[in-house]
Every structure is written in structure tokens, then in C-alpha cells.
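**Student:** Quick one: the structure is below, questions incoming.
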Amino acid sequence: MDRKTKRLLLLVVSCSLAGVVLGGTTSWAESNSCLQASTVTSECLTKDPITKTIEGMGTGLVAGAAAAFGVAWQHRHED
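Counting with mature numbering (1 follows the signal peptide of the UniProt record, and there is no 0), you get residues -23 to -1, 1 to 56 for the letters of the sequence shown.
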């Protein structure tokens, strides 16, 4: 594997990992604040907080990977 490929892979993995952490944390915090709100919605009661957290992590994973590829694409076209 050449150096550019390794750097791209490292960028994608690190951005994806950051996206998973941020997406999961945000979804978890949103679930907690939803349950502590003065008026609790039916969606808040029916949706499992763990499921919402996992969905947030998945969204963060995709967003992080897309961001990494976007940065790599832009950097490639600047050279």
C-alpha cells in the first residue's frame, strides 16, 4: 500500500470514528433530554434510547466518512 492510500485510509477511519462518537453522544443526550422534558412526546416514549443512540452512531459514521472523502477529493483537485 502506498503512502497516499495509507493517509486516505487513516483520514477516513479517524473521521468516521469521530462521527460515531459525536453522533452517538448527541443521540444519547437528545434521548435523555426528551425524557426529562416538561411535555413528553409519544415518539420519546416509544423509541428505545439505545436504538436512537445506535442510529446516531450510524449517521455519524456515514457523515464522517463522507467528510473525509470530501476533504481528500478537494485536496486532490487543488494539487
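Just so it is clear, CB atoms sit at the ideal spot from N, CA and C, and this is done for glycine as well.
Over what stretch of residues does the alpha helix (DSSP H) that includes V(-11) continue unbroken?
**Tutor:** Unbroken alpha helix (DSSP H) run through V(-11): R(-21) to L12.
**Student:** Give every residue of the same chain whose Cβ lies closer than 6 Å to the Cβ of S(-8), excluding the five residues on either side of it in the sequence, and list them in chain order.
**Tutor:** Once the five neighbours on either side are set aside, the close Cβ partners of S(-8) are L38, G41 and A42.
**Student:** May I ask you to report which of helix, strand or coil DSSP gives V17?
**Tutor:** DSSP places V17 in coil when its eight states are reduced to three.
**Student:** State the DSSP-derived secondary structure class of K24, mapped to helix, strand or coil.
**Tutor:** Coil at K24, not helix or strand.
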